[in-house]
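A.B. asks: Have a look at this one.
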Amino acid sequence: MNTELFGVILTFVLSVLLAFPLGRYIARVFKGERTPLDFLNPVERAIYRFCGIDPTKKMNWKEFLKAMLTINALWFVYAFFLFLFQGRLPLNPDGNPSMSPDLSFNTAISFVVNCNLQDYSGESGGTYLTQLFVITFLQFVSAATGIACLMALFNGLKEKTTQNLGNFWALFTKTLTRVLLPIGLIIAILLAFHGTPTSFDGKDTITTLQGDTVQVSRGPAAGMIAIKHLGTNGGGWFGANSTHPLENPDYFTNILEMVAQTLIPVAMLFALGFYINKKKFAYVTFAIMTIGMLILLIPTMVSEIHGNPALARMGIAQPTGAMEGKEVRFGPAASAYWSILTTVISTGSVNAMHDSFMPLSGLMQLLAMMVNAFYGGCGVGILNYYIYIIIAVFIAGLMVGRTPEFMGHKVEAREVKIAALVTLLSAFLIKGGTALACYYFVHHPDIGWAVKPSGWLNNPGYHGFSEMLYQYTSTNANNGSGFEGLADNNVFWNVTGGLIMLLGRFLPIIGPVAIAGLLAQKKYIPESSGTLKVDSLTFGAMTFVVIIILTALSYFPPLALGPIAEYFSL
Amino acid sequence: MKQNKSLFPREIVTSALKQSFVKLSPAAMFRNPVMFTVYIVTIVMAFVCVWIASGEKSQGSLAYNLAIFIVLFITVVFANFAEAIAEARGKAQANSLRKTRTDTPAKKVFAVGDIYVGEVKVVPSSQLRKGDVFIAEAGDTIPMDGEIIEGLATIDESAITGESAPVIREAGGDKSSVTGGTKVLSDKIKVRVTTDPGESFLDKMIALVEGASRQKTPNEIALTILLASFTLIFLIVCVTLAPFADYAHTPITIAAFVSLFVCLIPTTIGGLLSAIGIAGMDRALQANVITKSGKAVETAGDLDTLLLDKTGTITIGNRKATHFWPAQGVDEKQFIEACVLASMADETPEGKSILELAGISPHSLAVKDARFVAFTAETRSSGVDLPDNAGSAASAGGPVRIRKGAFDAIRALVMRNGNIFPIDTENKIKEIASNGGTPLAVSRNGEALGVIELQDIIKPGIQERFARLRKMGVKTVMVTGDNPLTAKYIAEKAGVDDFIAEAKPEDKMNYIRKEQQGGKLVAMMGDGTNDAPALAQADVGVAMNSGTQAAREAGNMVDLDNDPTKLIEIVEIGKQLLMTRGTLTTFSIANDVAKYFAIVPALFITSIPALQALNIMHLQSPESAILSAVIFNAIIIPILIPLALRGVAYKPIGASALLRRNLLIYGIGGIIIPFIGIKAIDLVLALFMH
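Protein sequences, first through last, are from chains A and B. Just so we're aligned: 122 in this note's numbering is position 122 of the first sequence, and the numbers increase by one with no gaps anywhere. Just so we're aligned: 1525 in this note's numbering is position 525 of the second sequence, and the numbers increase by one with no gaps anywhere.
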């Protein structure tokens, strides 16, 4: 047990130790200072020239968002049609079929928005062509989109008064060439050496000890598995994601994949401190996010390590904790840690089945995705946190008797309106979606969809409710992990899920970037002793309280009917 | 003006109660989105009650539904009452000011040709219009705000300011304004009316307090948006709960939905929001400050820089003579006598203070034929020439020329006469100057006699006030005509952060502009016409009531007390206003935690017994739990009215400490109190519900 705990602590410490220098490096890259990768300058210049981009062109928040949305729309069209016709396209040694229109719609959105919800199984639902040139490609660019948008926020905070949030194309390209590709390459090589396949051959056949023959899917997977974590995407090459022995072969790769998904979200926090030269603010934010993560992690680890009380009452000893749905090579502690990391960070990859976790753990995973800002996804985590900050600043500012201001800019009605709308949006999408699913399940169980509503849930009762709630929470948070146990490949889940992913991705990016742009345009107000210090622990705690209260108030009733009811019934 | 000792005098409560029902009209309710939704669901509950009365069985007992309806109705009335009582108090405050405005006879001057030349006719003051001219003599009450165009008078302004000492107002200077309702004690003045009836500052203020012309301030708008979005979030919670309940096979009554919704939405702050705003203006009025808008009060809370005139604000009036320092070998009595003679005709406050300090009446010196030499910019000295036989001891033995003035001017005079300026006096002069005093050298017949020390007297307690401002984050700037050395000394002694020495009127303006370019909010107080541009430029311009009409028009507040340190109070009132809103919002939202723990188990306990574990308050039954939560939600509004009216206490302890304090009291308190309150109400209800 101590070894397991040590493994978790080691993983966390390693992540932070690597994220710190990476954060400083990222800040240097975007400040335009010298870095070891400056030999890539000609490559970037060639890209700009080829695409007709002027990387020095300044963009205000509207131009920035327009550029971002345009290219994303293009990727969606590209992905949708490739999925729709993949069966007839090359690089398909296993002869996998094309996707149905609703599944193509869902999957294309899913990867464009960095959600990576998979209503299909990679080894049978995708081809090498789509896995590589659609999915892996989108895993890179969607992560880079998130980081570029976060850089827009940083640029807004950096200057006293400015219209310019930076050039989207330049920020986006540099994120790929200087951050995602080099680090992804290292991770992919490490994975390949530990047994993750990297060949274009089709299925292989092995003979087991019992003498059965088993077909084993393969493919050029290592690169995708690297970026799926580094870019907090989460969509696996294989249907079983990182529980699959080829996707996550051993304890080392398990650590590697956990470090990889934590790396950029934490590094961006440190980069914030270096880039806008407010290190204390970055450290306090890091501390608050870490505390939030720990508050979710500790109960999860405890309940997984202790095992199922229902089994204990039957007199069954559980020396290795709750092992249902977990991999023996990882054990309950590392699986619990992974399950919380992947939900706080919006990766959504799994190394154990979330459906089989204890109810309390399920509650924590849901809360992690509802908050979606304790580290959070690549770039977007801090953007989400920024929305909470705006609301905290507003209430706290009033409480100290001053018109609220954040880093020298007054937070007024327009910014509050945007922040309130974004907050409102998640509550609406998650609960609205779940309510709709409940409605069909109860009142129209026999609609002739690919799976009838009555057949959606493998587990009735509270757990079934959690499955539906989890699905929409995961889509809204662009997390992409599933509670499984839900038959979700049908027109209802594909379409509603797709729409929620879309809204849950872009509105929470547009909102913070717009606020950053609006605030940056305003007159700069120097700090006085009456100004609320946003880099103080007190303000950090205030933000934390706002997060907890907002989440608790928005989601208490559905949580009570799902995991909480299940927990108390156990 | 007397402050209201009690928050709820009976007549105010009666009129507020009446108003709380008048305000039930949908048009009035619509102004407040949070309470409007409560209003709507109350109507829904009324229909539910009728439905049950006509035989519907699925919604629980009529008594229970009726109880919910009544409590919701009372919630709305309570919120209206909060607003009404704040308005009623404001009105009472304004009325006591308005009493001075009753129709008084006015001696109107008619123009040539109207009747016949220069005719004065007594008309009711209500007939006076802007630009009219009237005459006021000793014993008259001034009928209308105006500006003196002729004459000088002593005026009793106690009706407005509460200050009993009469003040002098005269044409032409910076003290030419008179206010309607004040009384002329002596002399006669001719006054031009500056406002039409109903448009004076006081009228504007009364309208603001009464709510007719009250506009939401920017912060209030932003907060309303936030509260509306919270309301929407809870609307989503309640609407989606219906399919969730279907899934859980739990029928939920309309009463339960409505109760959950009303309990969750921020009714506490929603109900008190407008009362807080009105009370803030009311507090300003109680401090004898008339504001032109609610926004000005709020802006005051954000001030970064405060410009203050030295004279009269930081120091008492003008410089005063504090010491006579005769030169070596000069008799002190003789020196003082010479000083008195030199200052006999000096009408400046400094001159008068020399006589005061000497304690000798110039008449006792019995001088005759004295020729006074006035101060000029060239000689930079003044004095007196006495003929041979003037009769004074000072003049015994020939004609005498006494001069007093700036050190270098007198020294030049002494040297011109071939005398040496005594070294000890010169040292003394340097010492005085470096201590922030003003030395006045005195000579007789070209011989230095000594030096008079003039000192600024800093108002007692002013350092503490500035220290308080500094802790609030407000920088104080002293404006003075003194030389930089003296200014620096006084600035240090009084504890101001910066000063403008040798200030010309445009310097104020430039300083304000410079600060504003740096993003700061600047306030200044002023009374003169040449202050008007700066008053208009400043974010908060407080004009003295005694100031000129131009100054009063340019500023956005008028201080009836003419007290330059009043800004400190205004800043605190502004901060209190924002803080009260912030803390009650926090309190209101924090309350929801306990309400969830009361209502959610109550909703599902019959179908999901496991959720009994969430009933941590051990409330009796689902009905009593829901009823207790709704009742608590209603009565917390009147309980908090006194806080809303008085405002949350502001303590200048730094923003972070203040935030910690308020989070602790209103955040943690807001979580704990409803647990206690709901449990207590439930215990009481248990006595009635079998």
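Every residue gets a Cβ at the ideal spot worked out from N, C-alpha and C, and that includes glycine. None of these values were measured; they are calculated from a predicted model.
Between the alpha carbons of B/H1323 and B/E1356, how many angstroms are there, rounded?
C.D. replies: Rounded to whole angstroms, B/H1323 to B/E1356 spans 11 Å at the Cα level.
A.B. asks: Taking only runs that begin and end inside the stretch 1025-1104 of chain B, name each unbroken alpha helix (DSSP H) of 4 or more residues, in chain order.
C.D. replies: Here the runs fully enclosed are 1026-1029, 1033-1053 and 1062-1098.
A.B. asks: State whether the stretch 119-139 of chain A contacts the stretch 39-53 of chain A, with contact taken as three or more CB pairs (one from each stretch) at a distance under 8 Å.
C.D. replies: No, the stretch 119-139 of chain A does not touch the stretch 39-53 of chain A.
A.B. asks: Cα separation between B/S1364 and B/T1141?
C.D. replies: Near 41 Å, if we compare the C-alpha coordinates of B/T1141 and B/S1364.
A.B. asks: Which one or two residues does DSSP pair with B/S960 in a beta bridge?
C.D. replies: No answer is possible for residue 960 of chain B: it lies beyond the span of chain B, which begins at 1001 and ends at 1690.
A.B. asks: Kindly indicate which three-state DSSP category B/A1441 falls into: helix, strand or coil?
C.D. replies: Reduced to three states, the DSSP call for B/A1441 is strand.
A.B. asks: Around the Cβ of B/F1688, are there at least 16 other Cβ atoms within 10 angstroms (buried) or fewer (exposed)?
C.D. replies: Exposed, because fewer than 16 other Cβ atoms sit within 10 Å of the Cβ of B/F1688.
A.B. asks: Which word fits A/S346, buried or exposed, when buried means at least 16 other C-beta atoms lie within 10 angstroms of its C-beta?
C.D. replies: With 16 or more Cβ atoms within 10 Å of its Cβ, A/S346 is classed as buried.
A.B. asks: Quick one: does A/A580 have its CB under 7 Å from some CB of chain B?
C.D. replies: Because chain A in this structure spans residues 1 to 570, residue 580 of chain A falls outside the shown range and cannot be described.
A.B. asks: Less than 8 Å between the CB atoms is what I'm expecting for B/F1604 and A/L570, so what's the real figure, rounded?
C.D. replies: In fact, because the Cβ distance is near 17 Å, the residues do not count as touching under 8 Å.
A.B. asks: For B/R1401, which residues in the same chain have their Cβ closer than 6 Å to its Cβ, ignoring the five residues on either side in sequence?
C.D. replies: Closer than 6 Å at the Cβ level, and outside the excluded window around B/R1401, lie D1385 and N1445.
A.B. asks: Determine contact between the stretch 429-441 of chain A and the stretch 533-553 of chain A, defined as no fewer than three beta-carbon pairs at a distance below 8 Å.
C.D. replies: No, because fewer than three Cβ pairs between the stretch 429-441 of chain A and the stretch 533-553 of chain A fall closer than 8 Å, the two stretches do not touch.
A.B. asks: Taking Cβ to Cβ, would you say B/I1265 is nearer than 7 Å to B/V1034?
C.D. replies: Yes. Within cutoff.
A.B. asks: In the DSSP assignment, find the unbroken alpha helix (DSSP H) run with A/G273 in it and report its ends.
C.D. replies: Element bounds for A/G273: Y251 to Y275.
A.B. asks: Using only CA atoms, which one of A/A565, A/P557 and A/V545 lies nearest to B/A1590?
C.D. replies: Considering only alpha carbons, the answer is A/V545.
A.B. asks: Taking 7 Å as the CB-CB limit, is B/P1033 close to chain A?
C.D. replies: No - not a single Cβ of chain A is within 7 Å of the one on B/P1033.
A.B. asks: Can you name the residues of chain A whose CB is closer than 9 Å to the CB of B/M1472?
C.D. replies: Those are G401, S528, S529 and G530, listed as they occur along chain A.
A.B. asks: Any Cβ of chain A within less than 7 Å of the Cβ of B/R1468?
C.D. replies: With 7 Å as the cut-off, B/R1468 does not count as an interface residue toward chain A.
A.B. asks: In its own chain, which residues sit with a C-beta less than 6 Å from the C-beta of B/K1121, not counting the 5 before and 5 after it?
C.D. replies: For B/K1121, where only same-chain residues beyond five positions count, the Cβ hits under 6 Å are K1108.
A.B. asks: Verify the CB distance criterion: does A/D553 have a CB-CB separation below 7 Å to chain B?
C.D. replies: Reading the sequence as shown, one finds Leu at residue 553 of chain A and not Asp. Answer yes: the Cβ-Cβ gap between A/L553 and chain B drops below 7 Å somewhere.
A.B. asks: For B/L1185 and B/A1153, I'd like the C-alpha separation in whole angstroms.
C.D. replies: Going from the Cα of B/L1185 to the Cα of B/A1153 covers about 7 Å.
A.B. asks: What did DSSP end up calling A/K279 once you bin it into helix, strand or coil?
C.D. replies: DSSP places A/K279 in helix when its eight states are reduced to three.
A.B. asks: Output the boundary residues of the alpha helix (DSSP H) element that contains B/E1572.
C.D. replies: Where B/E1572 is concerned, the enclosing alpha helix (DSSP H) stretches over K1566 to F1604.
A.B. asks: For A/G432, which residues in chain B fall below 9 Å Cβ to Cβ?
C.D. replies: By Cβ distance, chain B contributes I1236, V1239 and T1240.
A.B. asks: Return helix, strand or coil for B/M1415, following the three-state DSSP convention.
C.D. replies: Note: B/M1415 maps to helix in three-state DSSP.
A.B. asks: Which stretch, first to last residue, makes up the beta strand (DSSP E) that contains B/R1513?
C.D. replies: Element bounds for B/R1513: not the beta strand (DSSP E) but the alpha helix (DSSP H), P1505 to Q1517.
A.B. asks: Please state whether DSSP places A/P526 in a helix, a strand or coil.
C.D. replies: Of the three classes helix, strand and coil, the one that applies to A/P526 here is coil, per DSSP.
A.B. asks: Give me the chain A residues within the contact set of B/F1675, using Cβ-Cβ distance strictly less than 7 Å, ordered along the chain.
C.D. replies: Going along chain A, no residue has its Cβ under 7 Å from B/F1675, so there is no contact; the nearest lies around 15 Å.
A.B. asks: Any contact of the stretch 1545-1559 of chain B with the stretch 1336-1343 of chain B, i.e. 3+ C-beta pairs under 8 Å?
C.D. replies: No: the two stretches stay apart, fewer than three of their Cβ pairs being nearer than 8 Å.
A.B. asks: How about A/S124 and A/N116: do their beta carbons lie closer than 7 Å?
C.D. replies: Against a cut-off of 7 Å, the Cβ pair of A/N116 and A/S124 comes out as no contact.
A.B. asks: Apply the 10 Å Cβ neighbour rule to A/A565 and answer buried if 16 or more other Cβ atoms are within range, or exposed otherwise.
C.D. replies: The residue in question, A/A565, is buried, as its Cβ has 16 or more Cβ neighbours within 10 Å.
A.B. asks: Any beta-carbon of chain B closer than 7 Å to the one on A/F544?
C.D. replies: No - not a single Cβ of chain B is within 7 Å of the one on A/F544.
A.B. asks: Starting from B/D1498, follow its DSSP beta bridges and name the residues at the other end.
C.D. replies: According to DSSP, which records beta bridges pairwise, B/D1498 is partnered with B/V1477.
A.B. asks: On the DSSP bridge assignment, give the partners of B/G1692 in chain order.
C.D. replies: Residue 1692 of chain B lies beyond the range of chain B shown here (1001 to 1690); nothing can be said about it.
A.B. asks: Should the stretch 1416-1423 of chain B be regarded as contacting the stretch 1467-1478 of chain B, the criterion being three or more beta carbon pairs within less than 8 Å?
C.D. replies: Cβ pair count under 8 Å is below three, so no.
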